[in-house]
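Respectively, the protein sequence lines represent chains W and S. Read left to right, the first sequence gives residues 22 to 613 (the working numbering). Read left to right, the second sequence gives residues 22 to 613 (the working numbering). Every residue, glycine too, gets a C-beta built ideally from N, C-alpha and C. In what follows, a single structure is set out as structure tokens and then discussed.
There are 2 protein chains.
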Amino acid sequence: MYRDHTCGELRISDVGKKVTLAGWVQRSRKLGGMTFIDLRDRYGITQLVVEADAPKALVDAANELGREFVIQAVGEVVERSNKNAKMPTGDVEIKLQSINVLNASLTPPFTIEENTDGGEDLRAKFRYLDLRRDPLQKALQLRHNICQEVRKYLSDNNFLEIETPFLINSTPEGARDFVVPSRMNPGTFYALPQSPQTLKQSLMVAGMDRYFQIVKCFRDEDLRADRQPEFTQIDCEMSFVEQEDVLNMFEGMMRHLFKEILNVDVANPLPRMTWSDAMDKYGSDKPDIRFGMLIHEITPLAQGHGFGVFDNVPYVGAIAVGGAADWSRKQTDELTDWVKRPQVGAKGLVYIKMGEDGSIKSSVDKFFSPGDLQKIADATSAVKGDLILMLSGEKRQTQVQLGQLRIELGNRCGLRKTDVFAPLWLTDFPLFEWNDEENKWDAMHHPFTAPKPEHLQYYYSDKPEDILKVCANAYDFVLNGNELGGGSIRIHDPKTQERMFQIIGIGPEEAQRKFGFLINSFKYGAPPHGGLAFGLDRICSLFGGSDSIRDYIAFPKNNQGKDVMLGAPSIIDQKQLDELCLELRKQEQEGE
Amino acid sequence: MYRDHTCGELRISDVGKKVTLAGWVQRSRKLGGMTFIDLRDRYGITQLVVEADAPKALVDAANELGREFVIQAVGEVVERSNKNAKMPTGDVEIKLQSINVLNASLTPPFTIEENTDGGEDLRAKFRYLDLRRDPLQKALQLRHNICQEVRKYLSDNNFLEIETPFLINSTPEGARDFVVPSRMNPGTFYALPQSPQTLKQSLMVAGMDRYFQIVKCFRDEDLRADRQPEFTQIDCEMSFVEQEDVLNMFEGMMRHLFKEILNVDVANPLPRMTWSDAMDKYGSDKPDIRFGMLIHEITPLAQGHGFGVFDNVPYVGAIAVGGAADWSRKQTDELTDWVKRPQVGAKGLVYIKMGEDGSIKSSVDKFFSPGDLQKIADATSAVKGDLILMLSGEKRQTQVQLGQLRIELGNRCGLRKTDVFAPLWLTDFPLFEWNDEENKWDAMHHPFTAPKPEHLQYYYSDKPEDILKVCANAYDFVLNGNELGGGSIRIHDPKTQERMFQIIGIGPEEAQRKFGFLINSFKYGAPPHGGLAFGLDRICSLFGGSDSIRDYIAFPKNNQGKDVMLGAPSIIDQKQLDELCLELRKQEQEGE
Numbered sequence: 022m023y024r025d026h027t028c029g030e031l032r033i034s035d036v037g038k039k040v041t042l043a044g045w046v047q048r049s050r051k052l053g054g055m056t057f058i059d060l061r062d063r064y065g066i067t068q069l070v071v072e073a074d075a076p077k078a079l080v081d082a083a084n085e086l087g088r089e090f091v092i093q094a095v096g097e098v099v100e101r102s103n104k105n106a107k108m109p110t111g112d113v114e115i116k117l118q119s120i121n122v123l124n125a126s127l128t129p130p131f132t133i134e135e136n137t138d139g140g141e142d143l144r145a146k147f148r149y150l151d152l153r154r155d156p157l158q159k160a161l162q163l164r165h166n167i168c169q170e171v172r173k174y175l176s177d178n179n180f181l182e183i184e185t186p187f188l189i190n191s192t193p194e195g196a197r198d199f200v201v202p203s204r205m206n207p208g209t210f211y212a213l214p215q216s217p218q219t220l221k222q223s224l225m226v227a228g229m230d231r232y233f234q235i236v237k238c239f240r241d242e243d244l245r246a247d248r249q250p251e252f253t254q255i256d257c258e259m260s261f262v263e264q265e266d267v268l269n270m271f272e273g274m275m276r277h278l279f280k281e282i283l284n285v286d287v288a289n290p291l292p293r294m295t296w297s298d299a300m301d302k303y304g305s306d307k308p309d310i311r312f313g314m315l316i317h318e319i320t321p322l323a324q325g326h327g328f329g330v331f332d333n334v335p336y337v338g339a340i341a342v343g344g345a346a347d348w349s350r351k352q353t354d355e356l357t358d359w360v361k362r363p364q365v366g367a368k369g370l371v372y373i374k375m376g377e378d379g380s381i382k383s384s385v386d387k388f389f390s391p392g393d394l395q396k397i398a399d400a401t402s403a404v405k406g407d408l409i410l411m412l413s414g415e416k417r418q419t420q421v422q423l424g425q426l427r428i429e430l431g432n433r434c435g436l437r438k439t440d441v442f443a444p445l446w447l448t449d450f451p452l453f454e455w456n457d458e459e460n461k462w463d464a465m466h467h468p469f470t471a472p473k474p475e476h477l478q479y480y481y482s483d484k485p486e487d488i489l490k491v492c493a494n495a496y497d498f499v500l501n502g503n504e505l506g507g508g509s510i511r512i513h514d515p516k517t518q519e520r521m522f523q524i525i526g527i528g529p530e531e532a533q534r535k536f537g538f539l540i541n542s543f544k545y546g547a548p549p550h551g552g553l554a555f556g557l558d559r560i561c562s563l564f565g566g567s568d569s570i571r572d573y574i575a576f577p578k579n580n581q582g583k584d585v586m587l588g589a590p591s592i593i594d595q596k597q598l599d600e601l602c603l604e605l606r607k608q609e610q611e612g613e
Numbered sequence: 022m023y024r025d026h027t028c029g030e031l032r033i034s035d036v037g038k039k040v041t042l043a044g045w046v047q048r049s050r051k052l053g054g055m056t057f058i059d060l061r062d063r064y065g066i067t068q069l070v071v072e073a074d075a076p077k078a079l080v081d082a083a084n085e086l087g088r089e090f091v092i093q094a095v096g097e098v099v100e101r102s103n104k105n106a107k108m109p110t111g112d113v114e115i116k117l118q119s120i121n122v123l124n125a126s127l128t129p130p131f132t133i134e135e136n137t138d139g140g141e142d143l144r145a146k147f148r149y150l151d152l153r154r155d156p157l158q159k160a161l162q163l164r165h166n167i168c169q170e171v172r173k174y175l176s177d178n179n180f181l182e183i184e185t186p187f188l189i190n191s192t193p194e195g196a197r198d199f200v201v202p203s204r205m206n207p208g209t210f211y212a213l214p215q216s217p218q219t220l221k222q223s224l225m226v227a228g229m230d231r232y233f234q235i236v237k238c239f240r241d242e243d244l245r246a247d248r249q250p251e252f253t254q255i256d257c258e259m260s261f262v263e264q265e266d267v268l269n270m271f272e273g274m275m276r277h278l279f280k281e282i283l284n285v286d287v288a289n290p291l292p293r294m295t296w297s298d299a300m301d302k303y304g305s306d307k308p309d310i311r312f313g314m315l316i317h318e319i320t321p322l323a324q325g326h327g328f329g330v331f332d333n334v335p336y337v338g339a340i341a342v343g344g345a346a347d348w349s350r351k352q353t354d355e356l357t358d359w360v361k362r363p364q365v366g367a368k369g370l371v372y373i374k375m376g377e378d379g380s381i382k383s384s385v386d387k388f389f390s391p392g393d394l395q396k397i398a399d400a401t402s403a404v405k406g407d408l409i410l411m412l413s414g415e416k417r418q419t420q421v422q423l424g425q426l427r428i429e430l431g432n433r434c435g436l437r438k439t440d441v442f443a444p445l446w447l448t449d450f451p452l453f454e455w456n457d458e459e460n461k462w463d464a465m466h467h468p469f470t471a472p473k474p475e476h477l478q479y480y481y482s483d484k485p486e487d488i489l490k491v492c493a494n495a496y497d498f499v500l501n502g503n504e505l506g507g508g509s510i511r512i513h514d515p516k517t518q519e520r521m522f523q524i525i526g527i528g529p530e531e532a533q534r535k536f537g538f539l540i541n542s543f544k545y546g547a548p549p550h551g552g553l554a555f556g557l558d559r560i561c562s563l564f565g566g567s568d569s570i571r572d573y574i575a576f577p578k579n580n581q582g583k584d585v586m587l588g589a590p591s592i593i594d595q596k597q598l599d600e601l602c603l604e605l606r607k608q609e610q611e612g613e
């Protein structure tokens, strides 16, 4: 070993010991003939000192150290006269006897500090330097801790961690697969799993009873800011369970994580909300319940006053913003612009200001009397000093717009604190949704999701309005406005499965081609089963109090799906293409 | 929950309880009006009984159950009159009150028993049924346990589990990569990692200090019986360490596994053997030290007697087989045929039989007097009753042939017991090997492997005989004739790295192209570091006492790289090829 202690462990009780440390020079400064060096490793920072009267060779060596040099330092632990209470090692320093430069360093292209001066692209290219920064070191340690605690909880509950293969064939998730050409079987391709869904169900058919895996999944989608082409799931499945059992088991897992990782006690049991309630009250299937500002339907109160924008639509909804009646015209105009952005798509915003003095003003005073407005205010539980915002249109669409507005207002009002955690379960999702483009029913999740037993009458009905009523035995785990995980009880009997395929228009042949082995396996004694998957990257970022999942991934890809450090993807040799029996198609120029 | 107990947990102390079990019908039999059903789940088997005087509906239901039906059974735990000491639940049975068929089953295509009647292909296609068999259930549980214990040991030793990406670019391992065409960057490809070698070294440069990962790796090689295109490594790396530190840490890990998983105490410290000794004495770089039968060089004793086969070669070696002097001519002829197979490639086999009566007979009596033969016998430590076998030729080649013969003899003599564990470290590998085809030096491991510090004089020498003398700071973990893992101390300083590339003929440009980001990262303060990787699949199979790694992989591929259950690889849509800008090349017919 190049060290006998780390840079994070020496304390006042170690004074007098001769120690050897190794690490990186965080910084070095001269002060009245003495040289102070902050030596850093994963475990912390320890101050080294070279006294003014030290041998000249040592003083020279200390003075020649640059930032990020790797050194081995031998010296005696002494008490600091000038203690630093902010550092765990701040009571001591090492009076150096020798310095051994293990490796020099060029000047790094950005500062390796808590907050760096490096731009995103530069830091991505030098990821191995960016990762030396304390926030990223802590992020990967947090991820490690979460993974170990997940495994502990699930192992203790008789789950087996079972690896499923990466070289498989297409999965029924619907997104685009990454494919891998097979050299041994020319003209054919493996697909990388979008999730191990069918494989974990096979493991239940195989009697493995309880399965989990912390596993990479792959989706070849155009990337948004917080999406990665490869991402990590905590993937789980259980046999002989009903929905209640799955919810209890994984509520327990998340409670374990909140307690062990963050020392936070979350509600027990966790709140549950139906999909329909979430849409009505939060305009979202992943409601942020850290704050109120609920959506209220005010259609009857809003209509019949001659205001066409409200009168000619099926739905009018409102939210009350506490204490915002004094927002300026500029601020409400800004909000109007915000909801009109294409990402939200509302046509306009109507407001009522409930003055502290009892006055009521609105942008529709022409149509509504103060009494009419007061009724609307009452419906939203608004009081003096509040601002009421209203949108109208088709019901779900308007609710979603109000939901987006609500989140934006939550941000503007500082109500979305990263150290407050409000998890809940969302249940009772519709099993089907109508696909306007293809004029057919789609399974809202995947076609193995079971209907709620009490909705079987609708499931076997031929009326579209009944099909719409069928709720799934599906559930999402939602935290602070993010879907952290979701799953369902699966269909395990052939009759229910057949009906599912019938409704979504998948014939027996297509079913065989797409899901053949799984459907066949169900003929040989499939147990009732269900499960779910959590997004590990997102769990880490929320637990870490950050919006960016990239900080919690050692080597993330950028928005073009590139790893700029590795230079991947890249061209490959003609020889390799030949072996794979592939040819690159010349790209056509745009406009040709 | 469909059950309140598993099929493995009821004991005599539970008698009188009303319980609900769920599982698969292993078998059912009638006996004097009573029906006995063995109900199976992952946890065990419990006997259910339907009494002759039970309600007719229940008797009928019991009689209609087929093999592998999934049922829920309610009844009372009663003491068995006819106890089965072989089963943990053998003291009790469940007197049934009701049976609920959760799912029927077609008759499975092979028996779901300890030993099945199904052929390999059939079992592969119905892997979800094969996995219900007890040996495979136990195999995956063993794997789970090993993984959890590995993580526990490494976490306790401050290793962080860090995920590295799967969509990377080519790694310097030398085998063929699986590639993944990029849709967003047409004409370019990702490669699936053959190992996270360069990434884990980057993590050391990033100051992560201690890293591990249980991770899938990919090699597109023509498959041998025990090779899989995707396989799992326990991948580890440490900073600020020397070879001794790495050996101690991972010897500790393996000792922990032997103790926790098998309750076996292995030697402490583990034996170590240099590569050169292993080749001389065992003819193998993965010696099986469970038995003796060492190789002895007898060149001086064998030459000069007029026997051309010995006289005209640089090396003659011998092994003594204890108590085998009475092997028949047929047996020795068989051994001669065995060593002449192309897989071994020896020209012939010379033997000496040391009769129990003191007689000495050999296949070369024409050339050697009994006294000459006795001298050879003495050199091999053979005694009365032993058989001595001799091969001759080029030194290393002949040693390898003798090594193969030794393993074969170990098998024939029953000396290779699967419940005996003899691990050891192999050290002091040559750093370079001469590549006859390309007339150049190759790095025996990878070009980041550090030379032993005491061999630096040879490392910087220009004489080929010096280059050959350079040993690597590399090590293999060997168990019972299998390499379970291996690694090295890495080069971390630019000067040593430059010399490495110089010796193996990689110019600066090629080095940049192949290993650019890693070499660049070394300029910014790389710490001394080293590590290793273990093959998890092989560890599992050896711990489980099996030759087959496939039993320890949930969904393995066959020798053609196919998953016959999934039907992967398969053809993909033209649309997908178009999106990837790829065309399939028509395959030329052989002979055209």
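Do the region 267-279 of chain W and the region 496-505 of chain W touch if we need at least three Cβ pairs shorter than 8 Å?
yes
Does the CB of M22 of chain W have a neighbour CB from chain S at under 8 Å?
yes
Check distances from the C-beta atoms of the region 28-60 of chain S to those of chain W and list, in chain order, the residues that come in under 9 Å.
A43, G44, W45 and V46
In its own chain, which residues sit with a C-beta less than 8 Å from the C-beta of R144 of chain W, not counting the 5 before and 5 after it?
F131, T137, L150 and D151
Listing by chain order, which chain W residues have their CB less than 7 Å from the CB of L163 of chain S?
The contacting residues do not exist; L163 of chain S stays about 10 Å from chain W at best.
Which runs of the beta strand (DSSP E) at least 3 residues long sit entirely within the region 198-260 of chain S? Give them in chain order.
200-202, 210-212, 231-239 and 251-260
Endpoints, beta strand (DSSP E) assigned at F271 of chain W
Counting along the chain, F271 of chain W falls outside any beta strand (DSSP E), though it belongs to the alpha helix (DSSP H) covering Q264 to L283.
Entirely within the region 65-94 of chain S and at least 4 residues each: give me those alpha helix (DSSP H) ranges in chain order.
77-84
Give the DSSP bridge partners of I58 of chain W, in chain order.
W:S49 and W:L69
Residue span of the alpha helix (DSSP H) that contains A398 of chain W, given as start and end:
P391 to A400
Identify the contact partners of F261 of chain W in chain S, using a Cβ-Cβ distance below 7 Å as the criterion.
M22, Y23, R24 and A43
Assuming L426 of chain W contacts N503 of chain W under a Cβ cut-off of 8 Å, what Cβ separation, rounded to an integer in Å, is found between them?
At roughly 18 Å, the Cβ-Cβ gap does not stay under 8 Å, so L426 of chain W and N503 of chain W are not in contact.
Identify whether G612 of chain W lies in helix, strand or coil by the three-state DSSP scheme.
Residue confidence for G612 of chain W is low, a pLDDT of 42 falling below 50, so the modelled location carries little weight; the figure read from the coordinates is stated next. Three-state DSSP puts G612 of chain W in coil, outside helix and strand.
Per DSSP, T470 of chain S is paired with what?
S:R511
Is D198 of chain S near D241 of chain S, with beta carbons less than 8 Å apart?
yes
Below 7 Å on C-beta distance, what does Y149 of chain S contact in chain W?
S223, V226, A227 and S542
For M270 of chain S, would you say it is in contact with chain W, using Cβ-to-Cβ distances shorter than 8 Å as the test?
no
Is the beta carbon of L553 of chain W sitting closer than 8 Å to the one on F239 of chain W?
no
Give the single residue among S:E97, S:L69, S:G96 and S:V98 whose Cα lies nearest to the Cα of N84 of chain S.
S:L69
Are the C-beta of H513 of chain W and some C-beta of chain S separated by less than 8 Å?
yes
When DSSP builds the beta bridges, which residues end up paired with N456 of chain W?
W:K461
Taking C-alpha atoms, which residue in W:G369, W:Y481, W:G96 and W:L42 lies nearest to M411 of chain W?
W:G369
From this set, W:H326, W:A339 and W:N289, which residue's C-alpha is nearest K302 of chain W's C-alpha?
W:A339
Beta-carbon within less than 6 Å of L315 of chain W's beta-carbon, same chain only, minus the 5 sequence neighbours each way: which residues are those?
K302
Length of the line joining the Cα atoms of A346 of chain W and Y372 of chain W:
10 Å
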